[in-house]
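Peer 1: The following block contains the structure, expressed as structure tokens.
Numbering (my numbering), first residue to last: 527 to 904.
Structure representation (structure tokens):
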């Protein structure tokens, strides 16, 4: 039951809860408005849709731990959520009670973040805030989610850069450490992710046929909140056998003969190396150049991950679409269904060899007794 009480020059709506306690639902400047709200409460109680106003008075900073205790996500996802909460959400909105967070608070936060973060990052932060507040709605602490319907401009995503075989060779030539260049070659010619290469164990590299096996349980290196550990790769299709080009097999054999590590590409100070350390040392200067030293850029804006795009496209640029198609089919072999269900990895390998020999036999002599090779880096 709800009723109206005058307190000073304002009117408050009082409600007797099921446990016998009395609380204030809201205050109004005019008595007719308070009477309307009291009648609405009686209807909501009858329909079992009334929201106890005391539940929404908890500050956002106190509600977040309650939300965290029951929300389920992977360790990497949790690391991103906690980072957004700690750096962007709680410093601004943490002291506010849930019921006091308005749509304008959310839009103001988005505008402020947009001045120093990329549009995609802003959208991710608001998405986390929306999840936290939506759980408060489901817990009947809030009548609605103030983040609902707020659109964050995502900007125009630039096309992912990819390197030709000559550009890959130029990037490798700029590496001060041979092992860094070998990692780049492995990524460019196999399409493996950083975690799959950095976590590659010696037991999963077979140099006799020249293949790499991405293990389903320990096939990738993960970094979560500063800790490195081996775990499953990003997707189920990543669990696969990868056939290596002959020149890359020879390079890896020479590398392992000189560095007999359990991990093929270990870090300088530990068993595994961090991606951030590799990027600072080898990747960014190699691609973007170094103006202070007069080194021109090769592919500005390219990241190590873009070598996966390179792996899928550079064969087409050499004018050999049949081989590119065979490579792509082998790359996604684990997910092939229907008409290709009978295709096996050796069949793909044989197809690539046949197509390459056929193509090489049609190439004119350069004058020095050789023909243009499919893999100029070799």
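The C-beta atom is built at its ideal place from N, Cα and C for all residues, glycine as well. Source: prediction; values computed, not measured.
1) Could you give the residue range of the beta strand (DSSP E) that holds residue 528?
2) What residues match up with residue 748 in a beta bridge as DSSP calls it?
3) Give me the Cβ distance between residue 730 and residue 748, rounded to the nearest whole Å; I'm assuming they're in contact under 8 Å.
4) Pull up the distance between the alpha-carbon of residue 671 and that of residue 651, whole angstroms please.
5) CB-CB under 8 Å to residue 530, same chain, minus the five flanking residues each way: which ones, in chain order?
6) In its own chain, which residues sit with a C-beta less than 6 Å from the C-beta of residue 801, not counting the 5 before and 5 after it?
7) If you draw a straight line from the alpha carbon of residue 735 to that of residue 763, how long is it in whole angstroms?
8) Assign residue 907 to buried or exposed, taking buried as 16 or more other Cβ atoms, counted over all protein chains shown, within 10 Å of its Cβ.
9) Have a look at the DSSP bridge pairing and note the partners of residue 619.
10) So what's residue 769 in DSSP terms, helix, strand or just coil?
11) Pull up the distance between the alpha-carbon of residue 847 and that of residue 826, whole angstroms please.
12) Along the beta strand (DSSP E) that carries residue 484, what are the first and last residues, could you check?
13) Helix or strand or just coil, what does DSSP make of residue 555?
14) Round the Cβ separation of residue 790 and residue 728 to the nearest angstrom and send it over; I've been treating them as touching at under 8 Å.
15) Quick one, which of 532, 692, 656 and 546 has its alpha-carbon nearest residue 552's?
16) Could you compute how far the alpha carbon of residue 841 sits from the alpha carbon of residue 623?
17) Can you tell me where the alpha helix (DSSP H) holding residue 723 begins and where it ends?
18) How many angstroms separate the CA atom of residue 808 from the CA atom of residue 794?
Peer 2: Checking against the coordinates, here is how it stands:
1) Looking at the DSSP string, the run of the beta strand (DSSP E) that includes residue 528 is 528 to 533.
2) Bridge partners of residue 748: 755.
3) Incorrect: roughly 16 Å between the Cβ atoms, too far for contact.
4) Straight-line Cα distance between these residues: approximately 15 Å.
5) Within the same chain, residue 530 has close Cβ partners 537, 538, 539, 540, 557, 560, 561 and 564.
6) Around residue 801, the same chain offers 720 as residues with beta carbons nearer than 6 Å, after the five sequence neighbours per side are excluded.
7) Residue 735 and residue 763: Cα-Cα distance of roughly 22 Å.
8) The first residue shown for the chain is 527 and the last is 904, placing residue 907 beyond what the model contains.
9) Secondary-structure assignment with DSSP links residue 619 through no beta bridge to anything.
10) Taken through DSSP and simplified to helix, strand or coil, residue 769 comes out as strand.
11) Bear in mind that a pLDDT of 46 at residue 847, under 50, signals an unreliable position, so the model cannot answer this.
12) Nothing about residue 484 can be reported from this structure: the residues present for the chain run from 527 to 904 only.
13) DSSP, reduced to helix, strand and coil, places residue 555 outside both helices and strands of the structure shown, so it counts as coil.
14) That pair is a contact at about 6 Å.
15) Residue 532 is the option with its Cα nearest to residue 552.
16) With a pLDDT of 44 at residue 841, under the threshold of 50, the modelled position of that residue is not reliable, and no figure is offered here.
17) Note, residue 723: alpha helix (DSSP H), 720 to 724.
18) The alpha-carbon atoms of residue 808 and residue 794 are separated by roughly 13 Å.
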